[in-house]
Every structure is written in structure tokens, then in C-alpha cells.
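Have a look at the structure below, then the notes.
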Amino acid sequence: MPAQDVRELRIVGFLCNWCSYGGADTAGVGRFSQPTDLRIIRVPCSGRIDPLFIVRALLNGADGVLVSGCHPRDCHYAEGNFYARRRLELLKRFLPVTGFDARRFEYTWVSASEGQRWQHVVTEFTRRIHELGPAPNFNPASEMDWNALALHAAQGQTCPCHG
Amino acid sequence: MHNIAYYPGCSGQGTSTEYDRSTRAICQALDIALTDVEDWSCCGSSPAHTVNHVLSAALSARNLAQVEAMGMTRVATPCPSCLSNLRTATHKMKDPDFQSKANALLDTPYRNTVDVQSVLQVLAEHVDPEYIKSKVVNPLTGIKIACYYGCIMNRPPALMQFDHHENPMAMDNLMAAIGAEVVPFPLKVECCGASFGIPRGDIVHKLSGKLLDAGRRLGADCFVTACPLCQMNLDLRQGQINDALHENFKIPIFYYTQLLGYALGLDRAELGFEKLCVDPRRALGKIKQPAQTR
Amino acid sequence: MRIGVFICHCGSNIAGTVDCPSVAATALTYPDVVFSTDTMYACSEPGQDAIIQAVKEKNLDGVVVASCTPRMHEQTFRRAVERAGLNRYMFEMANIREHVSWIGKTKDLNTNKAAELVRMAVEKLRRNRPLFAKRFETVKRVLVIGGGVAGIQAALDCADGGQEVVLVEREQSIGGKMAKLDKTFPTVDCSSCVLGPKMVDIAQHPNITLYTCSEVESVGGYVGNFQVTIRKKATYVDWSKCTGCGLCVEKCPSRKHPDTFNEGLCTAPSINIPFPQAIPKKAAINAASCIMLTKGKCGVCAKVCPVKCIDFEQKDELVTVDVGAVVVATGYDLFDWHKYPQYGEGRYKDVITSMQYERLLSASGPTGGHIKRPSDGKEPKNVVFIQCVGSRDRSVNRPYCSGFCCMYTAKQAILTKDHVPDSQSFVFYMDIRSPGKMYDEFTRRAMEEYGAQYVRGRVSMIYPQDDKLIVRGADTLAGTQVEVPADLVVLAVGAESARGAVQLGEKLRVAPDQYGFFVESHPKLKPVETNTAGVFLAGACQGPKDIPASVGQGSAAASKVLGLLSKKELESDPAVSRVNPGRCVGCGKCVQTCPFGAIKMIEDRFGNPKAEVIDTVCQGCGICTVTCPQGAIQLEHFTDNQILAEVNALCPPKMFANFE
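First to last, the sequence lines map onto chains A, B and C.
For the first sequence, the residue numbers in the numbering used here are 346 to 508.
For the second sequence, the residue numbers in the numbering used here are 21 to 314.
For the third sequence, the residue numbers in the numbering used here are 408 to 1067.
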């Protein structure tokens, strides 16, 4: 989904150096075109990703956060992605409690040879974030925003912050 | 007791009435209740699907909608060609666009809730072979049978999802269960020539001749088939094949339902042996009569 | 801090869809950036010189290069900034090629993204600090896993280069697949005559320790200092005494289990020496079929053995060795052709694999080199070869070309004519792929001199007719269907990754690709290296290869090992974890999570427990950093502050007016 006609949204990616960053490189070498919204931060291992990095990104207004590591059992550091899986799954379940829409965060596994899979992951995640739209402001600035929220709640819809 | 909707198909009303009759007879004998699809119509076979896929699927879907209207979720047909069309329609209508196109042609839209199976699949997958064995009165001991499935009973495998697409065994197992000796017929799923019987008889002569030849080499006394068109090509045209290939085949071609009915001791009139072109008496004579103690 | 930014055009690779001068101009507005420019090829010699010159002239103390992936040129630029007099870690890279210009088509979006990635790199660099590598000694010994021709070559080259070698082979004898072959293409020279002397060299080389019937149990450590545990499986024969006389093999009464060396074409005695040239030439008992081991009585072998080396009580044994480097040469396995229903799924005895045919052709095979078909022992006249069985076929998840089948089929067609002069070979093929010295000439000879009939097309079915097999296929050049009555059908089965390769990869931390072949570090420039330092690949474990390529790679891997171990000391990556003792509460969680045992507990001078990182053991994964509840242990070069700075660069913190 090219973002020409829509405003780019802010998507932050945390990728492990050995598999997923390589997979993103492979996708680039293969010229597999992708939406341009994603910005990738390289870390040595998905086990290096502190869930608080993700929370910080969301707090700072990121519209989506994508984490990708080596497939389970393929970790360059033997077991880093097992730690990552536990931490990130916990985070995913915990996000709604803190008022974030858990759909704005995803973690997945892409190996260095899976360029096409990376293209698919990025395209699908970007599509999802665009469907969700820009992240709601945690701090409704005007009275109008508050009224809109109250109206939502009155109609039995979930609060966009607490989706 | 199985309760299944039954779609007879047009051949069952004409060239293969004995298949239809014997199918009904064995199902009754094996406690499978068949309820005819009300006001059934053409499945959209050969002419329709060569012209228009939507029309063909709509014709099938009409019948399947009838099954839904009967409040049933499973329909069985004896004819592989009907089976193929009905299943193809079911598959294609999983695509919402296609479904709306096809349903636009129908009074009652089809909701795609019906599972289509062949009668053979019902027998192979839903009836315990031991139960069939227990019902046998005339075991087919002494007769050697080549089982011929035809090209579309199991193929394409992803669509039909029944048995093995290169080496199906459903009929082999069924015939073995009722006491016959089944020869390892290698051409089970080869083409008989199908509808070429009308425009290009020579093709049918060649292809069906090959099947008969392979059966004869293995010492088969007869063939069993599950397809009206296969049966017609091998049986009705056996004389033509003999003329064209300078051969002298005399191999009776049964529907598997006929021999099953024979083994179950059903009324011969229901089985329609008299409809066969190649005289089956010599083959049936090979069956060792059970000791006359009863 | 004074930062310089260099935006690379990479010819038109980046400049085609990114406005590089504009990115450079934007970069100048970032904090601490005092110099910014765009450059045609940053990695070229003039490009690197320009960076060095700028560092010196502008008095820079940090450099950002925005170009290709850091996986490609990070080392190149680190060396360049080092030459300029900076610490190599005062450098950051922004990937604006693989992650920007090659995947997005809209120039202004790309330009914006590139500028943001540069901003991220600048913010990270502002928090970098100089890091200095430590040095450590290496163990001068190499482990070679797999005793096929690639492993043999690697072992011999390493041993000749003066290193100690430990060669581990899963089977009873080394030799691998090549030992089973009759002749080799394109010279048609005898396989065992070529390989045999090399196998003997392995046995006799003073620097080589050979473990057969053995597998790698576990691998610990890191480059230069691996600890490897090898499981020597019980053979129930004391090999220090066994002379390989073969008396037990002759007398063994249990001779029913399939002979794996002969590809199941015949049966083998339960105590056996797989083939005459086996190295080591020692007997071993197959525990699954031995009467003594299964039923508890027999012991004929123990009675006849002149040196009394049979030991029914023998157990698996674990051996631990320290090595500095590892060569993986685990080879390949043959595709299981039973996945193809059209070839009969094993119903027809006279449909065999190409490897079985090799055994039929071989003078040391079950038929003594006379071609006899399995069903009735008759000599076949019409032999049909079917190529690409398990190659280039997506329907069985084998879309790759196995590479050597075209050649060995041509060889087998030639040998068929040699063995049975009045025979006729037919080869069903898709394309003939014979790149290589004298290769295409060789396939031509099979057709022209030896009269093999090549039919371009796939086979749709094989069915029996009387005592023949009818092979039906398409002749796509003639546009017809063909049926060939065959006496024997040989399936040119393709190569797939070796059984157990994926599990071994887990132990070695070498990733397999989707088909189970090990992934090399770079497909062109680092073909025998892996992403795990000190582990190298040789032969078909990296992808299907013929003998010359496997031997070449064996030697290549050996030269890499010799290069590595020729250094007296290695430098460790200084991007490792560091404990801030002031914050450490001594909970020991980091010790528990570290996969490498690189953290130990010490006592500070007040007797408080503290964690300490062993620099040379730490691999720099950063798992401990996330685990630490105090933020006391930080992975250098990827500290919390550095990563958060990147996050903040992408998503600037908001000011919440009413939170105050």
C-alpha cells in the first residue's frame, strides 16, 4: 500500500541485527517495494528490546510499533528471542490496561533470507495501522475532543484510547 | 442410519438407469437413507461449463440450494461428473464476488453450506467395512476384478479430497471386502476417452482399448467402474473397439454397485445386469456358489 | 561534539529516488552536526579519503555515513574513521539504500525518510563513546564435522597447515556420499580410487584425530575458544583391538537388516564393515538387529573374534575437546521420491534411485558391478532415467536446482552402455544444466557417442505391463505423448539438506535457510563464513554441490581456519555489557539469563555481591540489559540511552500541558 495519497504515519521498527534486519536488507536487495512509513532501529538481538522502548515510542505518539527477530530456535544468541517472546507477549496483553490499542503493536519473526516475508509483514502492518488511523492523542487538547470522546462512550463504543 | 440427500444426475435417468437403481438398492440394504433432491435439475456439466463458468456454477448451486431448503447439509451423487461440477461450484462460490454473480442468476441464493460427496465416498468413509462384510450373502469368491475409477473421481486432489489421486483404493477395498480378488490394475485413473466417443471415436477406441488390454493382461474377469461415461465407453463401445483394434475383448463392465448388490443378495431385477452390453454371465459364473446348505 | 554527515549517492542506487543534497542540507540543522555533504560513492577510495580529510580539516569527533546497510560496509567505514584518528565506535550508519531507496518509489517521501534515519544516527552518535577491544588467545585446534569429501579436504588442508584437527563423522566410515559412487563425471574415473588415498591420509595424518560413529553433542564458547562435546556411539567393538579381519562379519548369523551403504539393495550382517576401503576399517554392531543385543543370546562374533574385541556392554562415551574454529561439512541427503505418487510410491521394485544405481554399477556393490534389476535379477536393456525428481519443483517445496543430477545422469547413461552394450538409455529432462569445465561436452558425448535418447519433458506416470514398466511422459519438443517400455527406471533424485542439519545448526548458532541448508555470511564475498565467528562451511551443507565444488570449498574453509588461527591473539568486540557497580544490587538475574555464562558474581571490597562481565566471553546480545531491574548492566554501543535517543529522534517527546 503506497502511502502517496495518504499522510504517512509514524511506525517504529525494532529489528534484530542477524535475522530480521538482514531480512529487511534482503527485501531491499530484491527491490520488494514497501510502504515508507516504517523507520527501523537496529538492535543486536530481539532479547535486547526492553518493552519500555515500545511504550516510550507509543507514549511519544508513534502510530505503530513493529518488532521482529529471528525465528524461535534460530537466535544468533541461542535464546534471546525466547526472552523476547515472553516479554513482548506480556507487553501485548498489558498494553490495553495502560490505554493503548494493542493492535498498534506487533511482534513477528523474519529470517535473513525471507525478503518476501518481510515485504508482506511491513505491508500488512502498515495497512493495519492506516486502518486504525493516527494514534489518538492521550491528551485531548480541546473541549471538542472531550465531547467527541463522551459521545463515543455514550453510544457504547469503546474509547479510542482504551480500544 | 445415515440420512443423505441424493442427486441422481441425468445419466441415471437414461444411459445408466441400472447404476441409479443399484445405488438406491445397496444404500437401502446398508441403512443409508437417500432423499432425492426435490425438483433437481442439470448440474451444469459439459456444455454449460465450456461456455460460461458462472452459469455452470449457478446450475449446480440451484440444486445445492434445494438441498439447503430440505434442511440437509450433505448430498451424495453416484456420477463423478456431477460430483466434479457440484464441488467446483462449491469451491468457486467461496469467493464472494463469484458467489454474488452466481446467486444473481438464482431465485433462492445458495449459502454454501452443503458438503458434496460421491456415493462411493460415503460407502468408503462412513460405512464400516466389517458391517458390509456382515451383510454379504453371496461372497464374490473366484472372480477377478479390475477396479477402474476414471479420471475425475479423485482429481484434482485439492478439490475432491477423497482417496488417493494416482492410486485410489476405495473400490478395491470394497470389492475385496465382499470377497472378490482384486487385480493390481495400474490404469485406475487413466482417461477412457470420455465425450470423445461422439466426435472422435478413434480416440476412445485407443484409450479404452488400452484399459481393456491392461485388464486382460492381469487376468481380470471383469471391470467395475463408478462412472456412467466410463462404463459406456468400455461396455457399449467394446464392440467398436474390437472392430477398430482387431481385438476380441469380452470383458463385462459392471458398476461397482451392481456387484455389491449381487454380494448383498439383492433382487437381480434391481441391479439391472440385463442392461449391460457385454454379456456378464460368464464372469458371474466364475463366482463360486456358496455351499447349498442354507 | 562535532559531527560530520556524509550522504552517499551510491551512483544512482540511492540518488535515483532520494534527493541526497537535500538530505545533506537538512542534516546540517541537526544538533552537533557541523559538516554535511553528499558524495558519489562513500565506500570508494576517494569517498573514504574525503571522510578522512573532513575529519581532519573540520576537526570532527564523530561521523555519520548514510548509504547502504551496515551489514555491508560498517567495518569499511569504521576502519576509515580509525585511519582518520578517531575511535572506530565514533561512527554511525544510516541505511538509506536497502531500507529506503530500493523499496520506496516516491522521491519526496524517500528523501524525508532518509533525513529522519540520518537524524536517528546523529542522535545515537551523540551518545557514543570510544570503545577499545580486548585481546585473547585462541586454541590451535579445529573441529571438522562431517567426513565426506568436503570435510576430508578441509581436515587434510588444516592438518597440513600445522593445526590439530578433530574430525567427527556420524557414520561408521568416512567417505560420505562420494564413497558410494562408482565413477565420477566428467572424467569417468573411479570414485574410490580418487577418494581412497585421501581417506587413508586422514587415518595416518599425525595431526588428525578421527571420531566415527560419533556426533556433536553440544557446542559452547566462542571464536578461538569453543568447547565441544562429542558423543561416541557404542559400536560394541573395542576399536583399539579390532584389526578389521572381517571374520565376525562372515560368521554373523543375523543378516537381515537393510544395508544402508548399499542403499537398501541388499541386506547386511548385524556386525559389519560397510565397505572394503572403509576408514577406519573396524567392525561395528547394529544394535537394532543384533541377536545378542535384542534377544540376549548368540555371541557368535565374540566367539570367533581372534583378538576378543567384542564388548556387548559398551556404552556411549562423551569426549570433550577445546577448539579454536569449526568447519561444518555435513553434506546433503537424497530427496525422498516417494512424495511423487506418479512414480509408484515404491510399488514397483524396478524403480530405483540414482544412488542405488551407482551401487549396482559399482564393482564393490551388491551385484559385483553387473547391472541386475532388483525384481528378477535380469539385465535391463531399456533403462529410463528421469531427471529433476525433487528438484525445480515447487509442488514438493524443492524449487531449487540440485545442480549435479544432469551430469550424473549423463554419466550413468554412458556407464549403462559400457556395462550392457546392447542397451538403450532414455533420459527425460527439463533442461540440461551443465556449466563447468568439460561438462557440456560430457553430456553431448552421452547423447552422440553413447546414443542416449534425451526426451525433453516430464514423466506423468509409470505403470507395469507384463515384466516391463511403461514410462509415460511428454515430449515437449515433438509436442506428443511418449511411452517407453523400460526394464529399469532410475530416478535422478535431487539433494536436500542432511538429516539433523537444522538441529546441528542450533547447537552451532548457524542459521539454516528455509530448505535446511546453512546460510553463509555473504552469498558472494563470504561464501564459507557464517554469521557466527569461527564457524565455517564446506560442501553441500551450504547448498547442493558437486565434488569439485565441495573440494574447493573444503580448501577454502581450511584457508579461513588457518588464517584465523595463525593470529596469536584475537580481538574481542568491545560492544559488550558493562556493569555499573554503583547501581548493581547483586540480584544475579543477569547471571541466570546470560546464554554464554559471561557474567559472574564477585564481591566488592565491602563484601557486597556484584555482577561482573567477562569481556571475552560476552557476545553482546544485551539480554542481561533488559533483565536488570536496576539498569545497572548496559550493553555498550546499544545502551538504553542510545536506543531511547533513536526512539526520541523518530517520535519527539510531547509536552503534556495539563499533566503538570
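Virtual Cβ for every residue (Gly too), placed ideally from N, Cα, C.
Mind pulling the chain C residues with CB within less than 9 Å of Asn187 of chain B?
Among the residues of chain C, those whose CB is under 9 Å from the CB of Asn187 of chain B are Pro748, Gly751, Glu752, Arg754, following chain order.
By DSSP's criteria, Val891 of chain C is part of a beta bridge. Which residues make up the other side?
Partner(s): C:Val878.
Taking only runs of the alpha helix (DSSP H) that begin and end inside the segment 67-118 of chain B, which ones reach a length of at least 4 residues, in chain order?
If we require 4 residues or more, the alpha helix (DSSP H) runs fully inside the segment 67-118 of chain B come out as 73-89, 100-112.
Going along chain C in order, which residues have a C-beta closer than 7 Å to the C-beta of Ser456 of chain A?
What Ser456 of chain A touches in chain C: Ala918.
Against Ile1030 of chain C, what residues of chain A qualify as contacts under a CB-to-CB distance less than 9 Å, listed in chain order?
What Ile1030 of chain C touches in chain A, judged by beta-carbon distance under 9 Å, is Cys390, Gly392, Arg393, Tyr422, Glu424, Gly425, Tyr428, Ala429, going in chain order.
Taking a cut of 7 Å between CB atoms, which residues from the segment 204-224 of chain B lie near chain C?
Cβ contacts with chain C: Pro206, Leu207.
Under 8 Å by Cβ, that's how I've got Lys663 of chain C and Thr674 of chain C pegged, so tell me the actual separation to the nearest angstrom.
Correct: roughly 5 Å between the Cβ atoms.
I want to see whether chain C comes within less than 9 Å of His111 of chain B, judged by CB atoms only; does it?
Contact of His111 of chain B with chain C is not assigned, every C-beta pair being separated by 9 Å or more.
Would you mind working out which of C:Ala982, C:Cys997, C:Lys465, C:Gly959 sits nearest Arg536 of chain C, comparing C-alpha positions?
The candidate whose alpha carbon is nearest that of Arg536 of chain C is C:Ala982.
Flag this pair as yes or no: are the beta carbons of Val900 of chain C and Leu654 of chain C separated by less than 9 Å?
No, Cβ-Cβ distance for Val900 of chain C and Leu654 of chain C is not below 9 Å.
Which residues, in order along the segment 843-871 of chain C, keep a beta-carbon less than 9 Å from a beta-carbon of chain B?
Sequence-ordered contacts of the segment 843-871 of chain C with chain B read Met868, Ile869, Tyr870, Pro871 [C-beta pairs closer than 9 Å].
Mind pulling the alpha helix (DSSP H) runs of 4 or more residues that sit fully within the segment 805-833 of chain C?
Restricted to the segment 805-833 of chain C, the alpha helix (DSSP H) segments that are unbroken, complete and at least 4 residues in length are 812-826, listed in chain order.
Below 8 Å between beta carbons is the criterion; list the residues of the segment 232-254 of chain B that meet it against any residue of chain C, in chain order.
Of all residues in the segment 232-254 of chain B, the ones placed with a Cβ closer than 8 Å to any Cβ belonging to chain C are Ala234, Arg237, in chain order.
Using the DSSP secondary-structure output, state which residues sit across from Ser984 of chain C in a beta bridge.
Ser984 of chain C has C:Leu1042 as its beta-bridge partners, per DSSP.
Within 9 Å of any Cβ in chain B, is that where the Cβ of Asp445 of chain C sits?
Output row for Asp445 of chain C: interface = no.
Cross-chain neighbours of Glu353 of chain A in chain C, by beta carbon under 9 Å:
What Glu353 of chain A touches in chain C: Leu516, Asn519, Lys520.
Spatial distance of Leu977 of chain C from Val546 of chain C (CA atoms)
Distance between the alpha carbons of Leu977 of chain C and Val546 of chain C is about 11 Å.
Mapping the DSSP letters down to three states, classify Cys506 of chain A as helix, strand or coil.
Confidence in Cys506 of chain A is poor, its pLDDT being 48 and thus under 50, which makes the residue's placement unreliable; the coordinate value appears in the next sentence. Three-state DSSP puts Cys506 of chain A in a helix.
How would you list, in chain order, the residues of chain B whose beta-carbon sits under 9 Å from the beta-carbon of Asp873 of chain C?
Within chain B, the residues near Asp873 of chain C are Arg237.
Bridge partners - Asp135 of chain B, DSSP secondary structure assignment
Looking at the DSSP assignment, Asp135 of chain B forms a beta bridge with B:Arg94.
For Gln464 of chain A, the first and last residue of its enclosing alpha helix (DSSP H)
Looking at the DSSP string, the run of the alpha helix (DSSP H) that includes Gln464 of chain A is 460-477.
Can you pull the chain A residues whose beta carbon is under 8 Å from the beta carbon of Gln960 of chain C, in chain order?
Gln960 of chain C does not reach chain A, its nearest Cβ partner there being about 19 Å away, counting only Cβ pairs nearer than 8 Å.
Per-residue burial, Cys247 of chain B [other beta carbons within 10 Å of its own, 16 or more giving buried]:
The residue in question, Cys247 of chain B, is buried, as its Cβ has 16 or more Cβ neighbours within 10 Å.
Proximal residues of chain A, C-beta to C-beta of Ile1050 of chain C below 7 Å
Think of a sphere of 7 Å around the beta carbon of Ile1050 of chain C: the chain A residues whose beta carbon falls inside it are Ile386, Val388, Phe398, in chain order.
Drop a sphere of 10 angstroms on the beta-carbon of Ser625 of chain C, count the other beta-carbons inside from all chains shown, and report buried for 16 or more, exposed for fewer.
That one is exposed.
Is the Cβ of His184 of chain B closer than 9 Å to any Cβ of chain C?
Closer than 9 Å to some Cβ of chain C, the Cβ of His184 of chain B qualifies, so yes.
For the alpha helix (DSSP H) that Met195 of chain B lies in, which residues bound it at each end?
Where Met195 of chain B is concerned, the enclosing alpha helix (DSSP H) stretches over 190-197.
Anything in chain C within Cβ reach of Ser378 of chain A, meaning under 9 Å, just list it in chain order.
In chain order: Trp509, Ile510, Gly511, Lys512.
Hey, is Asp1047 of chain C's beta-carbon within less than 9 Å of any beta-carbon in chain A?
Yes - at least one Cβ of chain A is within 9 Å of the one on Asp1047 of chain C.
Given Ala540 of chain C as reference, the closest of C:Val790, C:Lys722, C:Gly555, C:Gln1026 once Cα atoms are compared
Comparing C-alpha distances from Ala540 of chain C to each of C:Val790, C:Lys722, C:Gly555, C:Gln1026 shows the shortest one belongs to C:Gln1026.
Hey, is the segment 107-127 of chain B in contact with the segment 159-170 of chain B, meaning 3+ C-beta pairs nearer than 8 Å?
As far as the Cβ criterion goes, the segment 107-127 of chain B does not touch the segment 159-170 of chain B, which means the pair count is below three.
Can you pull the chain C residues whose beta carbon is under 7 Å from the beta carbon of Asp370 of chain A, in chain order?
Close to Asp370 of chain A, with beta-carbon spacing below 7 Å, are these residues of chain C in chain order: Thr476, Arg478, Glu505.
When you measure from the CB of Leu126 of chain B to every non-hydrogen atom of the ligand MN, does any distance come out below 8 Å?
Here there are no bound small molecules, and the ligand MN is not part of this structure.
In three-state terms, what does DSSP make of Leu493 of chain C?
Residue state, collapsed to three classes: coil.
Under 9 Å between C-beta atoms, does Phe419 of chain A make it to chain C?
Contrary to the premise, residue 419 of chain A reads as Asp rather than Phe in this sequence. It does: the Cβ of Asp419 of chain A has a partner Cβ on chain C nearer than 9 Å.
With H, G and I counted as helix, E and B as strand and the rest as coil, what does DSSP make of Ala365 of chain C?
Residue 365 of chain C lies beyond the residue range present for chain C, which begins at 408 and ends at 1067; the question has no answer from this structure.
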